[in-house]
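Number of protein chains: 2
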Amino acid sequence: MSGAVSIRMVAARAGCSIATVSRVINGTAQTSDAVRERVEEAISALEYRPSEIGRSLKTRKTRTIGIVVPSFTNPVFASSIAGVEEVARAHGRTVLLSATEYHAEREEEIIETLLAKQVEGLVLTVADADNSRALDRLDAARVPYVLLYNQPARTNRLAVSVDNIAGAKELLGQLIALGHSRIAFVAGRFRTSDRSLLRYQGCVEAMREAGLPDPEVLEVDYAGDQPEEPDALAAQLRELRSPTALFCPNDLLALAVIAASRSIGMKVPADVSVAGFDGISIGKMIEPSLATINQPTRAMGVRAMELLQALCQADPVEPGVRLLQHQFRPGGSIAAAPVEGNGGT
Amino acid sequence: MSGAVSIRMVAARAGCSIATVSRVINGTAQTSDAVRERVEEAISALEYRPSEIGRSLKTRKTRTIGIVVPSFTNPVFASSIAGVEEVARAHGRTVLLSATEYHAEREEEIIETLLAKQVEGLVLTVADADNSRALDRLDAARVPYVLLYNQPARTNRLAVSVDNIAGAKELLGQLIALGHSRIAFVAGRFRTSDRSLLRYQGCVEAMREAGLPDPEVLEVDYAGDQPEEPDALAAQLRELRSPTALFCPNDLLALAVIAASRSIGMKVPADVSVAGFDGISIGKMIEPSLATINQPTRAMGVRAMELLQALCQADPVEPGVRLLQHQFRPGGSIAAAPVEGNGGT
DNA sequence: TCGCTTTATGAAAACGTTTTCATTTAGTTT
DNA sequence: AAACTAAATGAAAACGTTTTCATAAAGCGA
């Protein structure tokens, strides 16, 4: 046990009271040189490290924050987590991590655990920020939190996101400019994710504004990160009424869709264009590179944690969504729509 | 604050002592139906949740474990973390997460923080498991830990890994069978990673056994996950003495190398074969798919946490490395070596 | 040298639990 | 009905800190 040596032992060895030891450690009051040296000697001799538990109990500050995301293995979340953790560490904070694995009901359970651990605040991505019992619970407990990727509409919750509708519209604009009119929206259970829904909405708006029919929607059995079976996805793609472009609300799915298309003989982008949303870095390395909407994922994590830090130290922070800049990232996965081939030249 | 309501308030409302409340909560002793109901009423009315801090202080158990990895954004670590977290949660444990960002000196600092937080154990990947002050510190503090991905040779530390040498040899065997003889080992600061070093060693052994010269080694400025600049990598690749195959000790680097090769007009695999190590799932989706050695990353995380759990409850666990099964994953990124073209047919 | 202020220190309470020990109450046996 | 056992409960200590309050020592101007 690391906690075998307590402040009393240090005090005993240094021949002073525990109060003095505490003062030496925290520099919270002046101490004589003599006693300070004795205390420091005792500390290093005994290899004493103050217990954060004892400290937290007294100060009611755990210097710990919680992170809750749907999944670690999606690079989007992984990179935000890295950003959050970096800032948290810079503020002397530690990070408690949990994944919901895309189960909304786990959100509450996890929140309950983290509250019991007395986290001072949270950065989290929930399924639906406008309608979340987990967030209600946090509000009730008056524990500060910052949403990440969620873009709440009705509620006035603090969040860091990109403009999902605008991003989707921008991407669709590119597809439409390339002559695509039969565009399908391919998503995995997107109705359970507020941001996917917004991306769908942007997609619809872009098409209506261009005078095109609403996109065909394909909801695939693609839960989180790992494709269930590539063949299953390919089979589902076959059901589509030969769209010329596919828009996926996240990059990981787009990669799976590209692979599945290939497996059924559809060349990307010659036969079908595929675009994603997120901007994962691997998208740039592959061939064809993935056209997508880039989100500053790490910066979003950084920003979220900075806001949370402000909340934790009771700095004034106005609620609402902070929209960070997204940008269209061109890629070889989209190309001009093939000319209609039924008839002739 | 969630901690505003304490056990005393519950006791006051229920008209009993705090001891009884504790007994009701933990079911640690029998209570009369009458008092139990009153206590339960009080708990739900006050929305009382026991403080893990107070509890930890008394029981000296935090039910928390630490995870330390070089990076979150490498899918290999992300997926192990998911496995660790899953098992930890199943045992009612919470996970404290930190990344070293590949800075070995941060390991100690992080360990110190986690020890202060009184983690009951750790799952971690260090730079060099045979020579780590961070691990020495853990040994001294008698805090149990399980290494992940590290494959210590000299020390007798508990670890979960694949057989890195055998894996690399197996992969090289495939390349050699395809007729490659000029194979380069392309790594990023691999001397600071014990596993990369082992993979290098496997590479050398395979070539010697085949009567081939030692591989050319290229150490690139590829720190962690994000490629510094694709052009820089491409420029470095140009320095190589036209090898027919490149072996990268991790998949992320292999993807970057493929992209860089493409950018300087080298077709993969026509002009040069590229292979990786890790088995990240994206490698299967891209074209050409990445030939690599697959590691059961999530299962490794699961296994590591299971071992840690055993250690934490003082079950007998024999030290040493647990080697999980790796396997060669074929891919389109490697092909037969081009026939020597200097001279003619 | 006296009284004053400043400085260094210690005793003890407090934070929210669990748990031991003693005590009361109820239940059982004769 | 007495004596005993079993069950339910409470008082209080303990865990490792920080911090308030009081006190002792020291410095200092007169």
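So the protein lines, in turn, are chains A and B. For the first sequence, the numbering used here begins at 1 and goes up steadily by one. For the second sequence, the numbering used here begins at 346 and goes up steadily by one. All residues carry an ideal CB built from backbone N, CA and C; glycine is no exception.
Assign residue i to one of three DSSP states: helix, strand, or coil.
i      : result
A:G167 : helix
B:Y490 : strand
B:V414 : strand
B:E397 : helix
A:S79  : helix
A:I282 : helix
B:I679 : coil
B:G689 : Only weak support is given to the placement of B:G689: the predicted model assigns it a pLDDT of 36, under 50, and the question is left unresolved by the model.
B:A498 : coil
B:R586 : coil
A:G3   : Residue confidence for A:G3 is low, a pLDDT of 49 falling below 50, so the modelled location carries little weight; the figure read from the coordinates is stated next. Looking at A:G3 - three-state DSSP - the assignment turns out to be helix.
B:V602 : helix
A:E86  : helix
B:L557 : coil
A:T94  : strand
B:L591 : strand
B:S362 : coil
A:S44  : helix
A:A127 : coil
Measuring CB to CB, does residue i end up less than 7 Å from residue j?
i      : j      : result
A:V160 : A:L308 : no
B:L483 : B:Y490 : yes
B:D475 : B:A498 : yes
A:G276 : A:D251 : yes
B:A699 : B:L523 : Residue 699 of chain B falls outside the range modelled here, since chain B spans only 346 to 690, and no answer is possible.
B:L517 : B:C548 : yes
B:G372 : B:I410 : no
A:Q151 : A:V317 : no
B:V440 : B:A433 : yes
A:T31  : A:R38  : no
B:I625 : B:P420 : yes
B:R527 : B:P594 : no
B:A472 : B:E453 : no
B:T445 : A:A82  : no
B:A387 : B:A359 : yes
B:F422 : B:V414 : yes
B:V429 : B:M611 : no
May I ask you to list the residues that DSSP assigns as paired with residue i?
i      : result
A:G121 : A:I65
B:T637 : B:R674
A:V186 : A:L218
A:T28  : Answer is none; A:T28 lacks a bridge partner.
A:R322 : A:V160
B:S538 : For B:S538, which the question treats as bridged, DSSP gives no partner whatsoever.
A:V35  : According to DSSP, A:V35 bridges with nothing at all.
Which residue's Cα is closest to the Cα of residue i: the options?
i      : options                        : result
B:A555 : B:L520, B:A681, B:T537         : B:L520
A:M163 : A:N294, A:T20, A:R8            : Note that residue 163 of chain A is Asp in the sequence shown, not Met. Ranking A:N294, A:T20, A:R8 by Cα distance to A:D163 puts A:N294 first.
A:R298 : A:P316, A:D278, A:A291         : A:D278
B:R586 : B:F530, B:S538, B:F535         : B:F530
A:L46  : A:A4, A:V119, A:A304, A:A245   : A:A4
A:P50  : B:A577, B:I363, B:Q463         : B:Q463
A:A254 : B:G524, B:M630, B:L503, B:F592 : B:M630
A:S193 : A:E40, A:Y102, A:A19           : A:Y102
A:P288 : A:S273, A:D33, A:E108          : A:S273
A:V220 : A:D214, A:D231, A:P213         : A:D231
A:A140 : A:E112, A:I264, A:P330         : A:E112
A:K169 : A:L212, A:E41, A:E205, A:E216  : A:E205
A:L323 : A:R303, A:V339, A:R329         : A:R303
B:F592 : B:I609, B:S608, B:V562         : B:V562
B:R701 : B:A374, B:A532, B:D378, B:G399 : Residue 701 of chain B lies beyond the stretch modelled for chain B, which goes from 346 to 690, so this question has no answer here.
B:M552 : B:S477, B:R540, B:A590         : B:A590
Any heavy atom of the ligand COA closer than 6 Å to the beta-carbon of residue i?
i      : result
A:L178 : The ligand COA is absent from the structure shown, which contains no ligands of any kind.
Residues in the stretch 25-45 of chain A having any Cβ partner in chain B nearer than 9 Å: none
Got a sec: which bits of the stretch 498-527 of chain B sit with their beta carbon under 9 Å from any beta carbon on chain A, in order along the chain? none
Using a Cβ cut-off of 7 Å, which residues of the stretch 262-290 of chain A contact any Cβ in chain B, in chain order? R262, S281, I282, M285, I286, E287
What residues in the stretch 539-557 of chain B bring their beta carbon closer than 8 Å to a beta carbon of chain A? Listed in sequence order: no entries.
Interfacial residues, the stretch 388-407 of chain B to chain A, with Cβ spacing under 8 Å: Taking 8 Å as the Cβ-Cβ cut-off against chain A, the residues of the stretch 388-407 of chain B that qualify are E392, R394, P395, S396, E397, I398, G399, S401, L402, R405, T407.
Can you list, in chain order, the residues of the stretch 430-446 of chain B whose Cβ is nearer than 9 Å to any Cβ on chain A? E430, E431, R434, G437, T439, V440, L441, L442, S443, A444, E446
Of the residues that make up the stretch 116-136 of chain A, which ones have a beta carbon closer than 7 Å to any beta carbon in chain B? A116, K117, Q118
For the stretch 6-23 of chain A, enumerate the residues whose C-beta is nearer than 7 Å to any C-beta of chain B, in chain order. none
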